[in-house]
Amino acid sequence: MSQDVSDLYCRIKQDKQIRLDAEFSCKAGEVMAVVGPSGGGKSTLLRMIAGLNQPESGEIRYGDKPWFKGDAKVNLSPQQRHLGYVPQHFGLFPNLTALENVVAALDHIPKPERIPRAKEWLERVNLHGLPDRLPANLSGGQRQRVALARALAREPSVLLLDEPFSAVDRETRERLYLELARLKEQLSIPVVMVTHDLNEALLLADNMILISQGKMLQQGKPQEVLTRPRNEAVAKQMGLRNLFDAHVIAQEEERQITWLKFGEHLIASTYFDSLEVGTKVRWVIPNQGIRFNSIKQGRLCRSFNKLDITIDSMLTMGETVRIVASVKGVRHQINAEVPLHLALKLELAKGVNTTVALKSELIHILDQ
Amino acid sequence: MDWEALGLSIKLSSVTVLILIPFAILLSRYLAYHHFTGKSWVEALIMVPLVLPPTVIGYYLLVGLGSQSWLGQMLEELLGHQLVFNFSGLVVASILVNIPFAVQPIQRAFEAVPEEVRDAAACCGMSRMKVLFKIELPMVWPGVLTALVLCFSHVLGEFGVVLMMGGNIAGETKTIAISIYDSVQAFDFASAGQMSLVLLIFAVTVLAFTTSLSRRMGAAHVSRRQ
Chain A
116 MSQDVSDLYC
126 RIKQDKQIRL
136 DAEFSCKAGE
146 VMAVVGPSGG
156 GKSTLLRMIA
166 GLNQPESGEI
176 RYGDKPWFKG
186 DAKVNLSPQQ
196 RHLGYVPQHF
206 GLFPNLTALE
216 NVVAALDHIP
226 KPERIPRAKE
236 WLERVNLHGL
246 PDRLPANLSG
256 GQRQRVALAR
266 ALAREPSVLL
276 LDEPFSAVDR
286 ETRERLYLEL
296 ARLKEQLSIP
306 VVMVTHDLNE
316 ALLLADNMIL
326 ISQGKMLQQG
336 KPQEVLTRPR
346 NEAVAKQMGL
356 RNLFDAHVIA
366 QEEERQITWL
376 KFGEHLIAST
386 YFDSLEVGTK
396 VRWVIPNQGI
406 RFNSIKQGRL
416 CRSFNKLDIT
426 IDSMLTMGET
436 VRIVASVKGV
446 RHQINAEVPL
456 HLALKLELAK
466 GVNTTVALKS
476 ELIHILDQ
Chain B
119 MDWEALGLSI
129 KLSSVTVLIL
139 IPFAILLSRY
149 LAYHHFTGKS
159 WVEALIMVPL
169 VLPPTVIGYY
179 LLVGLGSQSW
189 LGQMLEELLG
199 HQLVFNFSGL
209 VVASILVNIP
219 FAVQPIQRAF
229 EAVPEEVRDA
239 AACCGMSRMK
249 VLFKIELPMV
259 WPGVLTALVL
269 CFSHVLGEFG
279 VVLMMGGNIA
289 GETKTIAISI
299 YDSVQAFDFA
309 SAGQMSLVLL
319 IFAVTVLAFT
329 TSLSRRMGAA
339 HVSRRQ
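If you're matching them up, the sequences are chains A and B in order.
When we follow the working numbering, the leftmost residue of the first sequence carries the number 116, and every step to the right adds one.
When we follow the working numbering, the leftmost residue of the second sequence carries the number 119, and every step to the right adds one.
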């Protein structure tokens, strides 16, 4: 891409109609995922960036150029923003062929260059030999590629993707993940991707914002938001089910450990210097922090972060098994997902008593 | 067979659709894509000619556009002739009476254009006019054609409004429907029968055509939603 690229900055606040309160920036060359449950305002946010909806107040800026400024009454049209937009169901023009769909987005370049440019982009998204097909005669994955080619052929300032993988089957989705990941390496523009699927954010995004009921709950790297949720609401939105109460019983700054009393169990977590001994806290651990019956020797001895459990239920879902187990000494249940082969190897079954170990570096204490 | 009346009817139908359809496209598009306070009232007003007897509409047009009204006087000064008992008056009346027949099918067709397609077109940098001509009209043409055919045939057979507004002036306001009525009054059933048959064949053909188009539009609507 040869055009000048800048960062995208967005601050939106509105109370009427769809409530929305978000502020974030997306650097050039970065994929920003906007994650959250359906009806949470994600698509509205994307439409506002595109100029298809007007926010009540706030600012949307591309580099130094304001696209929307509530107080200065600046509001550029989608045409003026020169962006690439891929709607959820692709928004292809049904009366135009794949090639014509891409050419339709190239009014800004001289006529003789349009068809070669459109063909080049169809090739780049691996859509070989289908330029003359109408959208109705293309598969879901092929339509998605045409929409992506149409958006990128414009050499847009920003690429906006609205649930780009929700309308295709699983196999196509897996293939498109790889293609977008490869394409990401070549793009040097800000890419904002709306998704309700956390895995897509983990796979493809450099940064993410979590939105629920119009409110931005947390911003950060996807893995960081998953393992370090700011509060209980974020933890729940991220699908973390192991949320427990405990008391801080000691702080070891030297070893960078915060000691928690969880029922009768002693739990070592990463160090949180702001906590005082005796404080009641809520802590969380993601699934990857739970190990079944294999306590590794390390800096932690076997007398802590070890929970004796009784498996209450097991649910096999394809290649994984969902386990719910009672923790001895406390009233809580722990939830875990393990690969099916591991569950078979460890002979896990309903009613079995076993032990799990919690990785101290993945234990996270939530903000009060 | 009154060929002059048939010719006048065809001329009236052609002029009416030529003026009405472009206006209906813009109005329908606006109504399909915009939500505003009082939209239901505007839509109800557009539909009024469907439920009001043509003679009532004709009466109001006669009174409203006649030389006794300020509007009629103003138009007479502007055009150099009065609108009532005149071909141009019939055109105005036909346009007003046929607005619902033009707007309804076109509005339904525009409503079937997915919002995503319009959004994508705007984000592709297309101007509103380009979106209309390049993307939307190729998608809504069955609705436009249905409106055109319905309006043309409806004007061709219009009786009440034409009689009230235009009277029965040969070559000026005597359309085929008025001519049929005249023939029956004069006991010339052969001529009335011929002209009625022409209108009947035309009406059946038109209805078959519009039904087929409606079905096609319905199928297109379903496939776009899938």
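The C-beta atom is built at its ideal place from N, Cα and C for all residues, glycine as well.
These figures come from a predicted structure and were not determined experimentally.
Identify whether residue i lies in helix, strand or coil by the three-state DSSP scheme.
i                  : result
Gly-335 of chain A : strand
Lys-411 of chain A : Because the pLDDT at Lys-411 of chain A is just 43, under 50, the model does not fix this residue reliably, and the value given afterwards should be weighed accordingly. Coil at Lys-411 of chain A, not helix or strand.
Pro-454 of chain A : strand
Leu-422 of chain A : strand
Tyr-200 of chain A : strand
Asp-277 of chain A : strand
Ala-464 of chain A : coil
Ile-287 of chain B : coil
Lys-131 of chain A : coil
Thr-469 of chain A : strand
Arg-126 of chain A : strand
Cys-416 of chain A : Residue confidence for Cys-416 of chain A is low, a pLDDT of 48 falling below 50, so the modelled location carries little weight; the figure read from the coordinates is stated next. Coil at Cys-416 of chain A, not helix or strand.
Glu-368 of chain A : coil
Ser-121 of chain A : coil
Gln-191 of chain B : helix
Leu-381 of chain A : strand
Thr-328 of chain B : helix
Asn-190 of chain A : strand
Arg-437 of chain A : strand
Ile-405 of chain A : strand
Lys-376 of chain A : strand
Roughly how many whole angstroms lie between the Cα atoms of residue i and residue j?
i                  : j                  : result
Leu-390 of chain A : Arg-356 of chain A : 23 Å
Leu-315 of chain B : Met-163 of chain A : 59 Å
Ile-410 of chain A : Glu-476 of chain A : Only weak support is given to the placement of Ile-410 of chain A: the predicted model assigns it a pLDDT of 46, under 50, and the value that follows is read from those uncertain coordinates. Between Ile-410 of chain A and Glu-476 of chain A, the C-alpha separation is close to 14 Å.
Leu-331 of chain B : Met-308 of chain A : 40 Å
Thr-469 of chain A : Ser-441 of chain A : 11 Å
Pro-218 of chain B : Pro-232 of chain B : 23 Å
Lys-188 of chain A : Gln-169 of chain A : 11 Å
Tyr-177 of chain A : Ala-230 of chain B : 34 Å
Thr-394 of chain A : Trp-374 of chain A : 11 Å
Leu-473 of chain A : Ala-361 of chain A : 15 Å
Leu-313 of chain A : Phe-327 of chain B : 51 Å
Asp-179 of chain A : Thr-425 of chain A : 59 Å
Phe-139 of chain A : Lys-234 of chain A : 35 Å
Asn-204 of chain B : Leu-250 of chain B : 36 Å
Lys-128 of chain A : Gly-185 of chain A : 10 Å
Leu-325 of chain A : Ile-137 of chain B : 53 Å
Within the present structure, is the beta-carbon of residue i separated from the nearest heavy atom of the ligand FAD by less than 7 Å?
i                  : result
Ala-458 of chain A : The ligand FAD is not part of this structure, which contains no ligands at all.
Distance cutoff 8 Å, beta carbons only. Does residue i sit that close to anything in chain B?
i                  : result
Arg-258 of chain A : no
Ala-219 of chain A : yes
His-223 of chain A : yes
Asn-210 of chain A : yes
Arg-269 of chain A : yes
Gln-352 of chain A : no
Starting from residue i, trace the beta strand (DSSP E) both ways and give me its first and last residue.
i                  : result
Lys-474 of chain A : Here Lys-474 of chain A belongs to no beta strand (DSSP E), and DSSP marks it neither H nor E.
Met-323 of chain A : 322-327
Arg-288 of chain A : Not the beta strand (DSSP E): Arg-288 of chain A falls in the alpha helix (DSSP H), residues 285-301.
Glu-215 of chain A : That residue, Glu-215 of chain A, is in no beta strand (DSSP E); its alpha helix (DSSP H) goes 213-218.
Lys-180 of chain A : 180-184
Met-165 of chain B : Careful: Met-165 of chain B lies outside any beta strand (DSSP E), inside the alpha helix (DSSP H) at 157-169.
Val-149 of chain A : 146-150
If you follow the alpha helix (DSSP H) that residue i is part of, which residue opens it and which one closes it?
i                  : result
Pro-260 of chain B : 255-274
Glu-391 of chain A : Careful: Glu-391 of chain A lies outside any alpha helix (DSSP H) and carries neither H nor E.
Tyr-177 of chain A : From DSSP, Tyr-177 of chain A is part of no alpha helix (DSSP H) but of the beta strand (DSSP E) over 172-177.
Thr-134 of chain B : 121-151
Met-308 of chain A : Taken as a continuous stretch (DSSP letters only), Met-308 of chain A belongs to no alpha helix (DSSP H), being part of the beta strand (DSSP E) at 306-310.
Met-163 of chain A : 157-165
Cys-241 of chain B : 233-241
Would residue i count as contacting chain A if we go by Cβ distances under 8 Å?
i                  : result
Ile-143 of chain B : no
Gly-243 of chain B : yes
Glu-234 of chain B : yes
Met-165 of chain B : no
Pro-256 of chain B : yes
Leu-193 of chain B : no
Ile-213 of chain B : no
Ala-383 of chain B : This structure cannot speak to residue 383 of chain B, because chain B is shown only from 119 to 344.
Ala-240 of chain B : yes
Ser-332 of chain B : no
Ile-253 of chain B : yes
Asp-237 of chain B : yes
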